[in-house]
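This report refers to the structure that appears directly beneath it.
Numbering (our numbering), first residue to last: 177 to 674.
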């Protein structure tokens with residue numbers, strides 16, 4: 177790409193967000209009035225070892241082991257990783273690959289726990305009502321031990337996100353209560369029914385990062401949630417918390433777009449929210465932080481919306497991690513999946529559930545049942561520019577898709593492929609029915625594979641070079657020792673001659 181082209185891409189990336197028309201899909205609030213209920217426990221839980229961004233967790237239990245609820249069953253590997261805990265009491269019956277929700281249909285190593293029906297718990301850790309007197313580093317370690325990750329969809333380990341950087345102090349803490357995708361209501365109901373938990377978590381998060389300002393962001397079609405959060409903030413002594421009602425538009429809840437809306441600051445490409453002094457945390461994550469610190473409870477359950485046009489009974493269920501999706505569908509009266517498409521997440525950013533026996537994970541905010549419709553045939557791009565107008569990242573989706581489709585990954589990276597948040601707004605407005613996000617995910621996957629292969633090759637080369645260097649040094653040392661012995665041997669011969 178020429179320098180002038182790169183400049184054009186940067187200019188578009190800076191200007192388009194200022195004037196973009198947001199997408200306004202029909203919201204379908206069928207589950208918004210459904211109170212949170214506890215889902216029944218299945219006879220068998222399947223817990224994948226990777227439910228977060230970063231390295232997979234490593235099982236610390238063996239087949240045949242008896243476990244209690246909240247007991248650690250997998251430890252984090254590396255800095256960016258997250259622990260896993262038993263969702264109920266029972267027996268580990270196997271550890272092997274099992275279907276997960278993934279566009280490629282791949283499986284993942286999982287821990288199978290046969291429930292004993294008693295649901296006995298270890299009791300977790302000791303609760304810390306004195307958390308304001310504790311060091312932020314100690315609170316971060318508790319959050320890490322409890323396996324807390326971003327529950328809004330990002331799944332980034334929360335303790336990593338809370339690391340302080342003296343070069344970039346956090347000024348503003350934003351609690352994200354914006355559910356901008358149709359059908360979703362899990363965060364809405366959590367704010368209405370359990371605002372105190374969320375506010376308690378917000379106070380802890382504020383203490384950990386030292387934020388001077390707190391903002392709760394909620395869409396204006398959720399006045400009951402806003403009222404509940406305001407009441408809870410005042411009751412919790414947080415009188416300076418601002419509850420902001422925002423227009424209903426998509427993708428308002430995306431982290432970077434929300435930061436821009438609340439603070440007026442844009443997070444530059446390749447940078448993080450902390451670089452503009454902001455920490456953005458989902459409301460469900462905040463509630464999980466409160467559970468971890470105040471009660472010592474690890475993350476073993478979450479609220480999931482069961483909805484969609486083909487769901488007989490919309491609901492918001494508190495579901496244990498590892499519960500098979502088809503178990504929940506049967507619970508809601510959906511027994512026949514003929515002609516029905518199951519989606520995990522919202523209809524814009526969610527993923528098709530290829531195998532209904534796949535389990536609920538920490539990132540499962542919704543399970544939707546939608547009537548299967550014929551796929552519109554893809555036609556050539558007509559260069560209408562609609563995708564450019566709605567892209568919240570200010571990218572050029574038409575150009576990106578062309579590069580990814582033709583395996584021109586270097587050019588795709590030059591067009592900022594990894595700045596794409598996969599919101600699906602471009603695919604939603606495309607009159608040619610081009611599956612743009614599909615191409616972006618493909619491109620990202622291929623680039624990641626290329627980088628892994630390159631890193632492996634570089635590591636192999638470094639090992640080979642290090643081995644050659646070691647052998648060379650050893651050879652030189654042996655030669656030096658031989659040379660040092662020769663004069664001494666010669667002197668001994670001379671002495672015998674005399």
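In this text, a Cβ means the ideal position worked out from N, Cα and C, and glycines have one as well.
**OP:** Starting from residue 312, follow the beta strand (DSSP E) in both directions and report where the run begins and ends.
**Re:** Indexing the chain shown from 1 puts residue 312 at position 136. Looking at the DSSP string, residue 312 is not in any beta strand (DSSP E); the run it does join, the alpha helix (DSSP H), is 312-321.
Subject >> Rounded distance between the beta-carbons of residue 362 and residue 492, thought under 8 Å >> reply: The sequence position of residue 492 within the chain shown is 316, counting from 1. The sequence position of residue 362 within the chain shown is 186, counting from 1. Confirmed, Cβ separation roughly 6 Å.
Original post:
Between residue 369 and residue 218, which are expected to be in contact by the criterion C-beta below 8 Å, what is the C-beta distance as a whole number of angstroms?
Top reply: Taking the first residue of the chain shown as position 1, residue 369 is located at position 193. Taking the first residue of the chain shown as position 1, residue 218 is located at position 42. About 24 Å separates the two Cβ atoms, so there is no contact after all.
Original post:
Taking the C-alpha atoms as reference points, what is the distance between residue 341 and residue 226?
Top reply: Sequence index remark: in the chain shown, residue 341 carries index 165 (1-based). Sequence index remark: in the chain shown, residue 226 carries index 50 (1-based). Distance between the alpha carbons of residue 341 and residue 226: 27 Å.
Subject >> residue 452 versus residue 428: straight-line alpha-carbon distance, rounded >> reply: Translated into the one-based positions of the chain shown, residue 452 becomes position 276. Translated into the one-based positions of the chain shown, residue 428 becomes position 252. If I take the Cα positions, the gap works out to 19 Å.
Subject >> Cβ separation of residue 360 and residue 522, assumed to be a contact under 8 Å, to the nearest whole Å >> reply: Taking the chain shown and counting its residues from 1, the one referred to as residue 360 is at position 184. Taking the chain shown and counting its residues from 1, the one referred to as residue 522 is at position 346. Sure, about 5 Å apart at Cβ, within 8 Å.
Original post:
What's the gap between the Cα of residue 662 and the Cα of residue 643?
Top reply: Position 486 of the chain shown, counting from 1, holds the residue named residue 662. Position 467 of the chain shown, counting from 1, holds the residue named residue 643. Distance between the alpha carbons of residue 662 and residue 643 is about 29 Å.
Original post:
What did DSSP end up calling residue 463 once you bin it into helix, strand or coil?
Top reply: Taking the first residue of the chain shown as 1, we reach residue 463 at position 287. Note: residue 463 maps to helix in three-state DSSP.
Original post:
Do the segment 439-458 and the segment 501-511 meet, that is, are 3 or more Cβ pairs less than 8 Å apart?
Top reply: Contact fails: fewer than three Cβ-Cβ distances are below 8 Å.
**OP:** Could you check which residue in 572, 598, 600 has the C-alpha nearest to that of residue 590?
**Re:** Here residue 590 corresponds to residue number 414 of the chain shown, with the count starting at 1. The option with the nearest alpha carbon to residue 590 is 572.
**OP:** Determine the DSSP secondary structure at residue 284, reduced to helix, strand or coil.
**Re:** Residue 284 sits at position 108 when you count from the first residue of the chain shown. Looking at residue 284 - three-state DSSP - the assignment turns out to be strand.
Original post:
Does the Cβ of residue 615 have 16 or more other Cβ atoms within 10 Å, making it buried, or fewer, making it exposed?
Top reply: As a first step, residue 615 must be located in the chain shown, where it is residue number 439. Classification for residue 615: buried.
Original post:
What's the call for residue 426, buried or exposed, on a 16-neighbour Cβ count within 10 Å?
Top reply: Counting from 1 along the chain shown, the entry for residue 426 is found at position 250. When all chains shown are included, residue 426 counts as buried.
Original post:
If you follow the beta strand (DSSP E) that residue 270 is part of, which residue opens it and which one closes it?
Top reply: Within the chain shown, residue 270 is the residue found at index 94, counting from 1. For residue 270, the enclosing beta strand (DSSP E) begins and ends at 266-275.
Subject >> Local conformation of residue 391 per DSSP, three classes >> reply: In the chain shown, residue 391 corresponds to position 215, counting from 1. Correct three-state label for residue 391: strand.
**OP:** Under 7 Å Cβ to Cβ from residue 180, same chain only, skipping five residues before and after it: list those, please.
**Re:** Here residue 180 corresponds to residue number 4 of the chain shown, with the count starting at 1. The predicted position of residue 180 is uncertain, since its pLDDT is 29 and thus under 50; a value taken from the coordinates is nonetheless stated next. Closer than 7 Å at Cβ, skipping near neighbours: no residue.
Original post:
Shortest alpha-carbon distance to residue 471 belongs to which of 213, 246, 214, 203?
Top reply: Looking up residue 471 in the chain shown gives position 295. Comparing Cα positions, the closest option is 246.
Subject >> 8 Å contact criterion, which residue 385 and residue 434 should meet: CB distance rounded >> reply: Here residue 385 refers to the residue found at position 209 of the chain shown. Here residue 434 refers to the residue found at position 258 of the chain shown. With 8 Å as the limit, residue 385 and residue 434 do not qualify as a contact, their Cβ atoms being about 17 Å apart.
Original post:
residue 483 lies in the beta strand (DSSP E); which residues open and close that run?
Top reply: Position 307 of the chain shown, counted from the first residue, corresponds to residue 483. Element bounds for residue 483: 477-483.
Original post:
Alpha carbon to alpha carbon, what distance is there between residue 646 and residue 655?
Top reply: If you number the chain shown from 1, residue 655 lands on position 479. If you number the chain shown from 1, residue 646 lands on position 470. About 14 Å.
**OP:** Compute the Euclidean distance between the alpha carbons of residue 305 and residue 461, then round it to the nearest angstrom.
**Re:** Taking the chain shown and counting its residues from 1, the one referred to as residue 305 is at position 129. Taking the chain shown and counting its residues from 1, the one referred to as residue 461 is at position 285. The alpha-carbon atoms of residue 305 and residue 461 are separated by roughly 19 Å.
Subject >> Expected contact under 8 Å - CB spacing of residue 338 and residue 319 to nearest Å >> reply: Against the chain shown, residue 338 aligns to sequence position 162. Against the chain shown, residue 319 aligns to sequence position 143. 7 Å between Cβ atoms; contact.
Subject >> Local Cβ density within 10 Å of residue 322, reported as buried at 16 or more and exposed below that >> reply: If you number the chain shown from 1, residue 322 lands on position 146. Counting Cβ neighbours within 10 Å, residue 322 comes out buried, since at least 16 surround it.
Subject >> For residue 558, the three-state DSSP class (helix, strand or coil) >> reply: Sequence index remark: in the chain shown, residue 558 carries index 382 (1-based). It is coil, neither helix nor strand.
**OP:** Return yes when the Cβ of residue 524 is within less than 8 Å of the Cβ of residue 618, no when it is not.
**Re:** Here residue 618 refers to the residue found at position 442 when the chain shown is read from its first residue. Here residue 524 refers to the residue found at position 348 when the chain shown is read from its first residue. Going by C-beta atoms, residue 618 is not nearer than 8 Å to residue 524.
Original post:
Taking three-plus beta-carbon pairs below 8 Å as touching, is the segment 545-556 in contact with the segment 577-589?
Top reply: no
Original post:
residue 640: buried (16+ other C-beta within 10 angstroms of its C-beta) or exposed?
Top reply: Position 464 of the chain shown, counted from the first residue, corresponds to residue 640. Counting Cβ neighbours within 10 Å, residue 640 comes out exposed, since fewer than 16 surround it.
Subject >> Identity of the residue in 286, 222, 557, 274 nearest residue 235 by Cα >> reply: Start at 1 with the first residue of the chain shown, and residue 235 comes out as number 59. It is 286.
**OP:** Note the first and the last residue of the continuous beta strand (DSSP E) segment covering residue 456.
**Re:** In the chain shown, the residue the question calls residue 456 occupies position 280. Segment 454-458, the beta strand (DSSP E) holding residue 456.
Original post:
What's the C-alpha gap between residue 289 and residue 266?
Top reply: For the purposes of this step, residue 289 is taken as the residue at position 113 of the chain shown. For the purposes of this step, residue 266 is taken as the residue at position 90 of the chain shown. Computed Cα separation, rounded: 6 Å.
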